[in-house]
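Have a look at the structure below before the remarks.
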Amino acid sequence: MTLIDGKAVSAAVKERIKKEIEEKGLKIGLAVVIVGNDQASRVYVNNKKKACEFCGITSYEYALPEESTEEQLLKLVDKLNEDGRVNGILVQLPLPKQIDEKKIIERISPEKDVDAFNAVNVGKIMIGNYSFLPCTPAGVMELIKSTGTEISGKECVVIGRSNIVGKPMAMLLLHESATVTICHSKTSNLKDVCSRADILVSAVGKAGFVTADMVKEGAVVIDVGMNRNSEGKLCGDVDFDNVKDKCSFITPVPGGVGPMTIAMLMENTLRAGKLQSL
Ligand code: GUN
1408 MTLIDGKAVS AAVKERIKKE IEEKGLKIGL AVVIVGNDQA SRVYVNNKKK ACEFCGITSY
1468 EYALPEESTE EQLLKLVDKL NEDGRVNGIL VQLPLPKQID EKKIIERISP EKDVDAFNAV
1528 NVGKIMIGNY SFLPCTPAGV MELIKSTGTE ISGKECVVIG RSNIVGKPMA MLLLHESATV
1588 TICHSKTSNL KDVCSRADIL VSAVGKAGFV TADMVKEGAV VIDVGMNRNS EGKLCGDVDF
1648 DNVKDKCSFI TPVPGGVGPM TIAMLMENTL RAGKLQSL
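When we follow this note's numbering, the leftmost residue of the sequence shown carries the number 1408, and every step to the right adds one.
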């Protein structure tokens, strides 16, 4: 088994972005919006700001109180859509319950939607005509490619059907000519399907969900989960200790997919800046 080092792969991506921004003298800005006091969101937002600083992207933070209204957030998005310094807009999810996430996502101008969450960008992903790649799935693709594994013709199984990870993940694998199956909570023969996978991607959100009997000998295992175990320790979906000896490559949590998501966000922000200056 070989560990896939997400920190190293993401560092290389960020170095490339930093170099391009420096060499071309680009001025790129990312607005980072956080609403409320979610602890995990705060950590993610801080990491995104740090990555901006490293790459030479200016970040503009907007921290709104928990009790903010949908109207207030829509007004902020409108303002950022018009702000020439801002090339990308990132509204950290989840939002407080009084705010309709869909409404906010759809209000972000597609040209600044660096998460690739709004319907225009999702549609472009479906037809393979990308402006922006969805950050987490794009990061997973980079990690798979870093192992030298051929994707074309392989059996790929994605566990999870979310709009953020599962669905776009399946689409990116399909575009690379994999045979793709999406599993979810209603899948009846989960173990059988998963154990066919040459490449298994788990995005469930449950510690210990993927057990060794679900993994084919020699598979590439990518763990998108970000959970806390019973001792409060950060862990993924995969029962790492038992799965690691069965697979050829595996991502650790932390230090696997997480850092890649942020590196791909930087890439999308750079792309947004370049597209807007055309
Ligand atoms: N919350 C969890 N993942 C993400 C992400 O990729 N983007 C945003 N905006 N919020 C998230």
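Each residue gets a CB set at the ideal place from its N, CA and C atoms; glycine is no exception. All of these numbers come straight from a predicted model, not from anything done at the bench.
For residue i, three-class secondary structure by DSSP
i: Tyr-1537; result: coil
i: Ala-1470; result: strand
i: Val-1478; result: The amino acid occupying residue 1478 in the given sequence is Glu; Val does not appear at that position. Three-state DSSP puts Glu-1478 in a helix.
i: Asn-1528; result: helix
i: Lys-1569; result: With the sequence shown as reference, residue 1569 is identified as Ser, and Lys is not the correct amino acid for it. Three-state DSSP puts Ser-1569 in coil, outside helix and strand.
i: Ala-1679; result: helix
i: Asn-1453; result: helix
i: Leu-1581; result: helix
i: Gly-1413; result: helix
i: Gly-1662; result: coil
i: Gly-1436; result: strand
i: Glu-1562; result: strand
i: Asp-1630; result: strand
i: Ile-1606; result: strand
i: Thr-1588; result: strand
i: Thr-1594; result: coil
i: Leu-1483; result: helix
CA-to-CA distance, residue j to residue i, given in whole angstroms
i: Pro-1472; j: Asn-1444; result: 8 Å
i: Leu-1483; j: Ile-1511; result: 10 Å
i: Glu-1513; j: Asp-1507; result: 10 Å
i: Asn-1570; j: Ala-1526; result: 11 Å
i: Lys-1572; j: Pro-1541; result: Per the sequence shown, the amino acid found at residue 1572 is Val instead of Lys. So the alpha carbons of these two residues sit roughly 8 Å apart.
i: Pro-1517; j: Pro-1501; result: 20 Å
i: Lys-1421; j: Ala-1619; result: 34 Å
i: Thr-1594; j: Arg-1603; result: 14 Å
i: Val-1529; j: Pro-1575; result: 8 Å
i: Thr-1588; j: Pro-1666; result: 26 Å
i: Asn-1453; j: Ala-1419; result: 20 Å
i: Lys-1486; j: Gly-1436; result: 14 Å
i: Lys-1613; j: Thr-1676; result: 31 Å
i: Lys-1431; j: Pro-1503; result: 40 Å
i: Met-1578; j: Met-1533; result: 7 Å
i: Val-1450; j: Val-1498; result: 14 Å
C-beta atoms of residue i and residue j nearer than 8 Å
i: Val-1611; j: Ile-1566; result: yes
i: Asn-1494; j: Lys-1457; result: no
i: Gly-1632; j: Val-1660; result: yes
i: Gly-1643; j: Asp-1630; result: yes
i: Ser-1559; j: Glu-1583; result: yes
i: Thr-1409; j: Phe-1616; result: no
Cβ distance (whole Å) where residue i is taken to contact residue j below 8 Å
i: Lys-1623; j: Asp-1605; result: 7 Å
i: Ala-1438; j: Ile-1496; result: 5 Å
i: Gly-1590; j: Leu-1581; result: It should be pointed out that residue 1590 corresponds to Cys in this sequence rather than to Gly. Incorrect: roughly 15 Å between the Cβ atoms, too far for contact.
i: Val-1442; j: Leu-1480; result: 6 Å
Closer than 7 Å: residue i CB and nearest the ligand GTP heavy atom
i: Cys-1542; result: As presented, the structure is devoid of the ligand GTP, carrying the ligand GUN as its sole ligands.
Exercise. Are the segment 1656-1674 and the segment 1535-1550 in contact at 8 Å, needing three or more beta carbon pairs?
Worked result: yes
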